[in-house]
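Report on the structure given below.
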Ligand SMILES: [Zn+2]
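In my numbering, the protein residues as written are 110 to 417.
In structure tokens form, the structure reads like this:
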């Protein structure tokens, strides 16, 4: 059974809040808020205007302090689309995140196909780029509090992932380095290096992990995610070596408990990305139309399966 979770702001440590969105599916991500002495720091800006307006309203209910800094954990639209609603804030991200974002958001028709339920709002998006960038580490200080921004040094979920670690509070805002009960998506990432990055995140001294998608959790949920990626990579490897095409491999792989996670059909892009990794081709983009069509077929196949 999957846990259920609701959209809303929750205090996860004194004056540290997680804004979590149900259901965590494509485009529906989480954010964070750290209220300091002089101002607040927000972690991620969500995607379309209606979502970010709700987040901003929740922030205003939580604190009167102004959001002085906004951290983008990576370049994906569901974390950066709402940047423009944080006017006046310094936007901080890895240099790689900014470079990925600089050419602009994906074309509106592609977004509308990928996430039809938000189709009406995609034409309203406006890009606002990070203004402060870092390579591997950056520490924001606010009185006693420290926010450690950390990039794993290699691609994982994307090329420019960062997490925010609060050592005193033993808490991590993991961005999309962590997915809890929502299938992780590696279509622009590197599955092998994501597994290694997850191991390193598990070594942080943290009791609470706020993922990019899914409910607030602990190392237990991050371990489950790491094990999912390891299972997919191992099973994909066997089928790659047997010459089985990616989509047939995705149909064949038994997901066990992960079959009940949200967006299970992301198995296909994850297998496709593993195949690119085995061929040494992760610098090339994944075939997005092929991926979307294959996921639609896989979703169909799996729901028929559930009916039987
Ligand atoms: Zn995301």
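Quick reminder that beta carbons are idealized off the backbone N, C-alpha and C, glycines included.
Note that this is a predicted model, so its numbers are computed, not measured.
The shortest CA-to-CA distance from residue 157 to any of 374, 214 and 148 is the one to 214. Relative to ligand 1, residue 268 has its C-beta separated by 7 angstroms or more from all heavy atoms. Classified as exposed, residue 327 has fewer than 16 neighbouring CB atoms from the shown chains inside 10 Å of its CB.
Around residue 337, the same chain offers 367 as residues with beta carbons nearer than 6 angstroms, after the five sequence neighbours per side are excluded. Scanning 176, 409, 271 and 263 for the CA closest to the CA of residue 145 turns up 176. Rounded to the nearest angstrom, the Cβ distance from residue 301 to residue 267 is 15 angstroms, too far for a contact under 8 angstroms. Beta-bridge partners assigned by DSSP to residue 249: 256.
If you check the C-beta of residue 178 against ligand 1, you find no heavy atom less than 7 angstroms away. Judged by DSSP in its simplified three-state form, residue 217 adopts helix.
Beta-bridge pairing by DSSP links residue 131 to no other residue.
Residue 348 counts as buried, since at least 16 other C-beta atoms from the protein chains shown sit within 10 angstroms of its C-beta. Residue 362 and residue 132 have their C-alpha atoms spaced approximately 25 angstroms apart. The stretch 315-322 makes contact with the stretch 120-132, as at least three CB pairs between them are under 8 angstroms. With a 10 Å radius around the Cβ and a threshold of 16 neighbouring Cβ atoms, residue 365 comes out exposed.
Pairing residue 239 with residue 265 gives a Cβ-Cβ distance that is not under 8 angstroms. Straight-line spacing of the CA atoms in residue 244 and residue 410 works out to 43 angstroms. Under the three-state reduction of DSSP output, residue 390 falls in the coil class, being neither helix nor strand.
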